[in-house]
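In this note's numbering, the protein residues as written are 90 to 434.
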């Protein structure tokens, strides 16, 4: 690293006092943080092979420019190991991409959160969990990478974004991996990257809606249950405007794979079957009662099959998959994938 750190420095009596200062000044998510000392910040930047002043992106609505140093500060605060910073940097780049439209989902009352999905060998090397309790606690990489992204949004991206009526726990941390065992093309390959590349995909997502199906032995039976959750009238997606994520648990994925289905077939089947009529949308309060149009017209949960992301994750035991609705129109907010820049050693 050739450039010096430019962040303001605060002197405290010790680490416990530093944590209290950060809590009092509103620089945390409500939980204690690791004091971001210069040596810790420099170690993180060195692990990522990036200069402090490197610009990751901007938020025009907030007149904010986000640099690697500010991201490293918040990654340290979140408890990240230095080797996690390349993933955090990629996630922040994705979040700042104009296609993601950060200002909208971050300030929305809908309460979505940036979900970080990590694919490829680097995520596995640093211990990103894709298995048991994938959305839960217990894995430092998942917990701290997701938390770092949230702290960057809170501290660096300008003002109070959290306007959610309810919010959800993913606003503390929201990061998962995908099981890449050869049965299906992983998410990053489907999105145009090489199988051996390491990639982060960020999507504005609601909390996981679990889908239980312990009976069906066919793809059609499993997907019928998932489609029913996708077309729920209370889902923000039911009007067919934005993306949606389906997480297939390993047991469900094994049934689907054994029948020779691909992820593309899963998406197409769900798109055809996760539907409502305009009349049902009116009756359910999704559309105004006097909205023009044929009440018998079919509305899909997503605009097209390609707007449905499918990943395989979760524990080997238990037939619980999940549906994660997205946010707003896909023209306003789309999932964005960014390659993880891993420095050569």
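Even for Gly, the Cβ is constructed at its ideal location relative to N, Cα and C.
Item	Value
Exposed unless 16 or more other CB atoms sit within 10 angstroms - verdict on residue 383	exposed
Length of the line joining the Cα atoms of residue 355 and residue 373	27 Å
Under the three-state DSSP convention, the category residue 206 falls into	strand
Proximity below 8 Å, CB of residue 415 to CB of residue 333	yes
Stretch-stretch touch, CB-based, cutoff 8 Å, three pairs: the region 158-167 with the region 134-142	yes
Local Cβ density within 10 Å of residue 340, reported as buried at 16 or more and exposed below that	buried
Local Cβ density within 10 Å of residue 398, reported as buried at 16 or more and exposed below that	buried
Classification of residue 233 by the beta-carbon crowding that lies within 10 angstroms, buried from 16 upward	buried
Residue 171 versus 131, 180 and 189, residue with shortest Cα-Cα distance	131
Rounded straight-line distance, which links the Cα of residue 117 to that of residue 240	7 Å
Cβ pair residue 178, residue 137 closer than 8 Å	yes
Inter-residue Cα distance where the pair is residue 229 and residue 237	12 Å
Contact set for residue 368: own chain, Cβ-Cβ below 7 Å, skip 5 residues either direction	384 and 385
Local Cβ density within 10 Å of residue 349, reported as buried at 16 or more and exposed below that	exposed
Length of the line joining the Cα atoms of residue 407 and residue 154	44 Å
Three or more C-beta pairs below 8 Å linking the region 252-260 and the region 196-204	yes
DSSP bridge partner residues for residue 266 (one or two, in chain order)	207
Any beta strand (DSSP E) of 3 or more consecutive residues that is wholly inside the region 320-389	333-337, 364-366 and 387-389
The region 274-288 / the region 422-434 touching (three or more Cβ pairs under 8 Å)	yes
Residues bridged to residue 292 (per DSSP)	204
Residues near residue 208 by beta carbon distance below 6 Å, same chain, minus five either side	267, 275, 276, 277 and 288
Same chain only: Cβ atoms within 6 Å of residue 121, ignoring 5 sequence neighbours per side	108
N- and C-terminal bounds of the beta strand (DSSP E) containing residue 148	144-148
Cα-Cα separation, residue 330 to residue 344	30 Å
For residue 308, the three-state DSSP class (helix, strand or coil)	helix
Residue closest to residue 163, alpha-carbon to alpha-carbon, out of 296, 265 and 242	242
Separation of residue 273 from residue 347, as counted between CA atoms	11 Å
Between the CA atoms of residue 252 and residue 196 - distance to the nearest angstrom	5 Å
Beta bridge counterpart(s) of residue 301 as assigned by DSSP	409
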